[in-house]
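Those letters in the sequence shown? Residues 1 to 595, by the UniProt record's numbering.
We put the CB at the ideal spot given by N, CA and C, even for glycine.
Note sheet for the following structure.
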Amino acid sequence: MSRVRDMVWPSRMAEEEWAEVSQDIPAKDEPFINKFLSGREALIAQEKQQRSDHAFRQSLSPLAKEACSIVDRIRQEEQRTIWTSEFEDILAQKAGANVYPGMMFSFAKERMEKTKLWQIIRKMPKGALLHAHMDAMVDFDYLFEVLLSEPGMHIHCMTSLSTPAAREGAPIKFRYCKSEQGSGGSIWSSDYKPDTPILLSKAVESFPDGGKAGFLSWLKDRCTITNIESIEHHHGVDAVWRKFSSVFTILNTIIFYEPIFRKFMRRMMQQLLADGVKWVDLRLAFTFFYYAEGQDTPEPSYERMFKVFGEEIEKFKASEEGKEFWGCRMIWTGIRVLDTRKIVEDMDQCIFIKQLYPELVSGYDLVGQEDAGRPLKDLLPELFWFKKQCAQEGIDIPFFFHAGECLGDGSDTDQNLFDAVLLGTRRIGHGFSLYKHPLLIDMVKEKRILVESCPISNEVLRLCASVMSHPLPALLARGVSCSLCNDDPAILGQDTAGMTHDFWQALQGWDNLGLAGLASLAENSVRWAAFEDQNAAEWLEGVKQATLGNGVRAERMKQWSVEWEQFCLWIVTEHGDDADSLKKLMAETSMDIQD
């Protein structure tokens, strides 16, 4: 000891000294080292027993285990050969991106879509999408072409769009007009008469920067959180939310003209089913006007919209391409920033539509930026009024609250989690800050509340820098039931209604997840989907019973389980080493029989 203390850094040992000291360093296979490592492995295994996906992993078939091993090998290989700076391309260098597994979505998207892992996850049966805002579900390349091809569509704005600054931020709107409008001058010139509808085809042709191609590029930029906007964390969450909120104002004037709405619905369901999603619980804030085909006067209520909504769902399910689609329902969403009268009027509309179309309305929520809106504790009078009115009308509209979509700890926004749980929410939207609350985590587990997690959304809206710093792994490790969701895919840059991007990011970003963990999240989505009306006791019993129950939930969980095994067989057949995979399957099957 004295010799080490007397050493003067950075002097090095002489060879003779090193030879003497090295004799005292234990070998890696010393019994006490092996004992330490055994204890270490036992401790890790003990912790993994608390994970929410532990039971699912324990029930994996030999086929599924082999499929998971194959995907692990592919993931590791792609980390070595694709997600490393050694293979960084010139485009990534220009963007300032350091390539690594789980890197920022906006930089990773193009590269991930070319990988073998992407091809595999694209085919995965993903079950149900539980957190998706309807007006941000269809890819804009398709939607805007539909907009431009629809006769009678006009564009208008409260100000001229003659300058780049105006085109960047002015609140543009679209609408159908029975007869051609446009006496107010070009919308791109300073002599435009404010709020005058201009025939869209003429406005597109005269767009000052590139005609139709320039117009489409400009409109897409207005309706998307761009790569730069998503990574400018120094501007804070509020700045990106201002852009995010402005997009819905534009989209709501496009989507809810009936001919466009019907095409929108079909495209959404086509994309979901192609991505392995068979059910979707949609959310929609009813702050828009709905127009019937050929009408430029809005409908007095949302009755016709829901009629068309139901028609398009049934039409798609009855078609050859949509015969495997289970369907969708609507979680009615109010806007949390509004005053009491507007929120109550909106709640009244929700009850009215629920009475007319009970099979289409599945629940109630409040949306909008949590930090900027009223917290749930401030909305208690309205929420209790809503529950009382539902009881008087003999209907049950359960809560599916957004909560904890924030960076706070102890703020009103963060504490929305407490109110959501106390108010009996069946699921929590986002729950980003839940990991900070150990007692609430225990309550969420006890009450069997599922967290609808949206990793890419949380990243693009600046709650975390990348999937690597997302809190979902912490919730899974604590045994919280979760599902993966895409939230607002068209706006956030996914360019599709499907969920493969979020599934891929989670699989590539988190070592503890793997294909089995990903499958557990997919199974959860079916287990917690709002397939039918159930009171609180029936809902809880259905979630507990899972495949052992007798209702729609149990049947669809069984269907998903069959699809999961078929998917695993495809992985082993297409991506496994035939000889090694076969030997391993035979060995594991033999062991299962002996056990």
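Length of the line joining the Cα atoms of residue i and residue j
i           : j      : result
Arg267      : Leu129 : 16 Å
Gly493      : Met13  : 57 Å
Trp83       : Ala165 : 38 Å
Glu15       : Glu30  : 25 Å
Lys323      : Met269 : 11 Å
Trp118      : Ser189 : 46 Å
Ala546      : Arg527 : 6 Å
Ser483      : Lys436 : 19 Å
Glu299      : Thr249 : 18 Å
Met499      : Glu393 : 37 Å
Ala519      : Asp72  : 14 Å
Ala95       : Glu229 : Any reading at Ala95 must be qualified, since the residue scores a pLDDT of 48, below 50, and its modelled position is unreliable; no value is offered.
Lys544      : Gly429 : 20 Å
Arg262      : Ala529 : 24 Å
Trp385      : Gly294 : 38 Å
Tyr192      : Ser206 : 13 Å
Ser162      : Ile198 : 14 Å
Phe144      : Ser69  : 43 Å
Val240      : Glu321 : 38 Å
Tyr290      : Ile335 : 18 Å
Thr297      : Ile155 : 16 Å
Ile90       : Val99  : A caution first: Ile90 carries a pLDDT of 47, below 50, which makes its placement in the model too unreliable to give a value.
Leu132      : Asp487 : For clarity, residue 132 is Ala in the given sequence; the question names Leu instead. Cα to Cα, the separation comes out at about 4 Å.
Lys342      : Thr413 : 21 Å
Gly211      : Leu147 : 16 Å
Glu110      : Met124 : 20 Å
Tyr302      : Phe352 : 9 Å
Ser52       : Ser22  : 45 Å
Ser217      : Cys223 : 10 Å
Val138      : Ala497 : 6 Å
Ala292      : Glu258 : 5 Å
Asp533      : Glu359 : 8 Å
Leu273      : Ser160 : 42 Å
Gly236      : Arg462 : 7 Å
Met1        : Ala19  : Because the pLDDT at Met1 is just 43, under 50, the model does not fix this residue reliably, and the value given afterwards should be weighed accordingly. Rounded to whole angstroms, Met1 to Ala19 spans 17 Å at the Cα level.
Leu284      : Gly517 : 30 Å
Met330      : Thr425 : 16 Å
Glu17       : Ser411 : 60 Å
Asn252      : Ser61  : 47 Å
Gln594      : Leu434 : With a pLDDT of only 48 at Gln594, under 50, the local geometry of the prediction cannot be trusted, and no value is derived from it.
Asp348      : Arg57  : 45 Å
residue 599 : His470 : Because residue 599 is not part of the residues shown, which for the chain are 1 to 595, the question remains open.
Leu472      : Ala42  : 24 Å
Val337      : Gly373 : 4 Å
Rounded distance between the beta-carbons of residue j and residue i, thought under 8 Å
i      : j      : result
Glu382 : Thr340 : 6 Å
Phe256 : Met305 : 7 Å
Arg427 : Glu446 : The pair is not a contact, with the Cβ atoms about 15 Å apart (cut-off 8 Å).
Ala64  : Glu565 : 7 Å
Lys243 : Ile231 : In fact, because the Cβ distance is near 13 Å, the residues do not count as touching under 8 Å.
Pro101 : Gly509 : 7 Å
Phe399 : Leu422 : So it is not a contact: roughly 11 Å between Cβ atoms.
Check whether residue i and residue j have beta carbons under 8 Å apart
i           : j      : result
Pro171      : Met153 : no
Glu168      : Thr115 : no
Cys328      : Leu366 : no
Ala136      : Pro455 : no
Phe401      : Lys126 : no
Phe286      : Asp346 : yes
Ile260      : Glu180 : no
Ala506      : Val467 : yes
Trp279      : Trp326 : yes
Gly363      : Ile395 : no
Phe316      : Ile254 : no
residue 683 : Cys568 : Residue 683 lies beyond the range of the chain shown here (1 to 595); nothing can be said about it.
Leu450      : Asn550 : no
Ala403      : Gly431 : yes
Gly542      : Arg556 : no
Ala203      : Ile187 : yes
Ile120      : Ile571 : yes
Residue i beta carbon near the ligand GDP (any heavy atom closer than 7 Å)
i      : result
Leu360 : Because no ligand of any kind appears in the structure shown, any question about the ligand GDP cannot be addressed here.
Residue ranges of each beta strand (DSSP E) within the region 55-123, 3 or longer
None, since the region 55-123 contains no complete beta strand (DSSP E) of that length.
Does the region 104-114 come close enough to the region 473-481 to have 3 or more Cβ pairs within less than 8 Å?
Touching, no.
Taking the runs of the beta strand (DSSP E) that are 3 residues or longer, which of them lie wholly in the region 415-490?
The region 415-490 is shown to contain whole beta strand (DSSP E) runs of 3 or more residues at 427-430, 450-453 and 482-484, in chain order.
Can you confirm whether the region 408-425 touches the region 360-380 when touching is taken to mean that 3 or more C-beta pairs between the two stretches lie within less than 8 Å?
A contact exists between the region 360-380 and the region 408-425.
Ignoring anything shorter than 4 residues or poking outside the region 266-354, list the alpha helix (DSSP H) runs there in chain order.
For the region 266-354, whole alpha helix (DSSP H) runs of length 4 or above, ordered along the chain, are 303-318.
Scan the region 227-269 and note each continuous beta strand (DSSP E) run of 3 residues or more that stays entirely inside, going in chain order.
Qualifying beta strand (DSSP E) stretches: none in this window.
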